[in-house]
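**Student:** Attaching a single structure in structure tokens format; questions to follow.
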């Protein structure tokens, strides 16, 4: 039985450690909500507003966040394994130590996002926007990308091995780009 909370206003709500597995929160307002340690495994979060929300240590495995807005959100140590993130906005989001393994970031916006020690291995970054983002000590092994937009980047100590034939990087390498 799935709970339907579609379109609900939970802005600034305290949902720490809440069990929200499989809940439909599509188009809900969770702006500035405190979701630290919550479990949203397999939740439907299409076009949900998470701007400035605290999602640190949140379990977001296999969620659908298509078109959601996570601008300025804190996702430190969040687990987004296998998440669908098509068109998701992560502008200025803290994604440090976040597990983004096997995610689908098609046309996602990660402008000015902090990805320190983030795991993006085996993810699809096709058409994703990485403008002024920061990568320090992370894992990008096995990513696939086509039309990846990289502008004004700081990348330090990352391993790259992109599997797509349309890749911009061919071998594992250290890349430092300054604008």
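Numbering (this note's numbering), first residue to last: 19 to 197. Beta carbons: idealized from backbone N, C-alpha and C, even for Gly.
1) According to DSSP, which residues form a beta bridge with residue 107?
2) Could you have a look at residue 62 and say whether DSSP puts it in helix, strand or coil?
3) What residues match up with residue 95 in a beta bridge as DSSP calls it?
4) Would you check if the distance between the CB atom of residue 40 and the CB atom of residue 24 is smaller than 8 Å?
5) With 16 other CB atoms within 10 Å as the buried threshold, where does residue 121 fall?
6) Kindly indicate which three-state DSSP category residue 68 falls into: helix, strand or coil?
7) Under three-state DSSP, which class holds residue 102?
8) Taking Cβ positions, are residue 204 and residue 141 nearer each other than 8 Å?
9) Run through DSSP, which three-state label would residue 75 get?
**Tutor:** Short version:
1) 87 and 127
2) Residue 62 falls in the strand class under three-state DSSP.
3) In DSSP, residue 95 forms no bridge with anything.
4) no
5) With at least 16 other beta carbons inside 10 angstroms of its own, residue 121 counts as buried.
6) coil
7) strand
8) The question about residue 204 has no answer here: the residues shown for the chain are numbered 19 through 197.
9) coil
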